[in-house]
Amino acid sequence: MVPEELTQENLFAALDGADIVYFDVRLHETALLVAEEHFFVLVKGTPSSEIELCLRNNPVQASQRKLPILIDAERKRDGLDELLNFASYVVCSAKFPQAWTGASSTPVALVSMLLRLPNIKFIIVTLGEKGCLMLERSTTDASEAEEIDVESLLESLEKKEVLSSSMPKCIASKSNLRISADGIGSISGRLLLGTAEIIPSEELIDTTGAGDAFIGAVLYGLCSGMPPEKMLPFAAQVAACGCRGLGARTALPHRTDPRLVAY
1 MVPEELTQEN LFAALDGADI VYFDVRLHET ALLVAEEHFF VLVKGTPSSE
51 IELCLRNNPV QASQRKLPIL IDAERKRDGL DELLNFASYV VCSAKFPQAW
101 TGASSTPVAL VSMLLRLPNI KFIIVTLGEK GCLMLERSTT DASEAEEIDV
151 ESLLESLEKK EVLSSSMPKC IASKSNLRIS ADGIGSISGR LLLGTAEIIP
201 SEELIDTTGA GDAFIGAVLY GLCSGMPPEK MLPFAAQVAA CGCRGLGART
251 ALPHRTDPRL VAY
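The sequence shown: position 110 = 110 (UniProt numbering), numbered continuously.
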């Protein structure tokens with residue numbers, strides 16, 4: 001749907017019953033329009049006359065439209081910077097955080113992103129066979145706590161990684177830390193390291209779509225209320241299942257798959 005076709009009625013209809021909004025930023029003009037209108041109605045609280053009419057006609061539905069937005073930041077694209085300002089969650093590729101911020105390392109870049117984008121609750125960077133890294137913002141202020149360097153914090157989590165297990169795991173720091181990056185600043189939050197499944201070479205068929213499978217599982221985890229400690233291994237497991245078949249979809253598991261029963 002092009003922006004000219006996206007009326008307020010169409011927008012409300014598209015969001016009806018949704019728990020979250022997802023953008024991969026390929027159709028950035030339409031995505032930005034949805035994000036701006038959604039934010040305008042529900043956050044700024046100053047609707048236009050047309051939106052006011054929709055609100056009067058659908059008061060209960062309108063009150064439920066304050067949906068979180070997840071952005072897939074694979075690489076720099078037109079419109080991405082604007083969309084990130086509306087994001088609640090970001091899942092990005094391994095190279096994106098440093099490319100976007102110019103920071104010296106991935107963990108430093110994640111701190112920089114949370115400082116630049118105050119609406120974001122967490123950022124996940126996918127690292128392929130190395131798993132993923134997540135920086136989550138705290139809901140309470142830890143400015144009085146002692147600072148801990150984000151790179152040192154990551155090193156401490158990596159030392160706790162259990163290499164004997166082939167299944168995905170999550171190693172989390174303590175909550176509500178004051179996490180800093182030298183020369184950048186600090187945020188209140190926690191750092192989580194997610195491992196990937198170690199897939200035997202004879203079972204690894206095709207990694208096409210693994211990143212999309214991971215993001216889809218993160219969306220499911222958010223909608224079902226999974227805590228990050230469960231969501232990250234769940235998403236890694238779904239992605240690993242998808243790598244056991246040819247193409248992006250043939251080996252994707254159903255929710256009832258025995259490999260997902262632990263989640």
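We put the beta carbon where it would ideally sit given N, CA and C, even for glycine.
Given the structure is predicted, the values throughout are model-derived calculations rather than measurements.
For the beta strand (DSSP E) containing VAL91, list its first residue and its last residue.
-> For VAL91, the uninterrupted beta strand (DSSP E) run begins and ends at 89 to 92, by DSSP.
Can you give the beta carbon distance from ALA178 to ALA142, rounded, assuming they're within the 8 Å contact cut?
-> Before going further, note that residue 178 is Arg rather than Ala in the sequence given. With a Cβ gap of about 5 Å, ARG178 and ALA142 count as contacting.
Going by beta carbon distance, what residues of the same chain come within less than 6 Å of SER138, once the five residues before and after it are set aside?
-> Cβ within range, chain order: ASN176, SER188, GLY189.
Below-7 Å beta-carbon distance, SER186 vs any chain C residue | Considering every chain present, this structure includes no chain C. It has just one protein chain.
Pick out whichever of SER201, LYS130, THR140 has its Cα sitting closest to the Cα of GLU161.
-> Taking only the C-alpha atoms, the option nearest GLU161 is LYS130.
Helix, strand or coil: which one does DSSP assign to ILE215?
-> In the structure shown, ILE215 sits in a helix (DSSP, three-state: H, G or I).
Terminal residues of the continuous alpha helix (DSSP H) containing VAL150?
-> Unbroken alpha helix (DSSP H) run through VAL150: 150 to 159.
With 16 other CB atoms within 10 Å as the buried threshold, where does SER152 fall?
-> Taking all protein chains shown into account, SER152 has fewer than 16 neighbouring C-beta atoms within 10 Å of its C-beta and is therefore exposed.
Go ahead and pull the three-state DSSP assignment for SER112.
-> Here SER112 sits in helix by DSSP.
In this structure, does DSSP put ARG259 in helix, strand or coil?
-> ARG259 falls in the helix class under three-state DSSP.
Assigned exposure category for LYS169 - 16 Cβ within 10 Å defines buried = Burial call: buried.
Is the region 122 to 136 touching the region 227 to 239 in the sense that three or more CB pairs, one from each, lie closer than 8 Å?
-> Pairwise C-beta distances place the region 227 to 239 in contact with the region 122 to 136, as three or more of them are shorter than 8 Å.
From GLY216 to LEU114, what does the alpha carbon distance come to, in whole angstroms?
-> When rounded, the distance between both Cα atoms is 22 Å.
Does the region 242 to 249 touch the region 202 to 220, meaning 3 or more C-beta pairs lie closer than 8 Å?
-> Contact between the region 202 to 220 and the region 242 to 249 is present, because at least three Cβ pairs lie under 8 Å.
Start and end residues, alpha helix (DSSP H) containing MET231 | It spans 228 to 242 - the alpha helix (DSSP H) in which MET231 sits, taken as one unbroken run.
Check the DSSP bridge columns for THR126 and list the partner residues they point to.
-> Its beta-bridge partners are CYS132.
Please classify ASP72: is it buried, with 16 or more other beta-carbons within 10 angstroms of its beta-carbon, or exposed?
-> Flag for ASP72 reads buried.
Roughly how many angstroms lie between the CA atoms of SER201 and MET167, to the nearest whole one?
-> The alpha-carbon of SER201 is positioned some 15 Å away from that of MET167.
Within the same chain, show all residues whose beta-carbon is closer than 7 Å to that of GLU197, passing over the 5 residues directly before and after it, in chain order.
-> If the five residues before and after GLU197 are omitted, its C-beta is found closer than 7 Å to the C-beta atoms of SER166, MET167, PRO168, ALA236, GLN237, ALA240, all from its own chain and listed in chain order.
Short Cβ contact (7 Å threshold) for ILE20 with LEU222 | Using a Cβ distance threshold of 7 Å, ILE20 and LEU222 count as a contacting pair.
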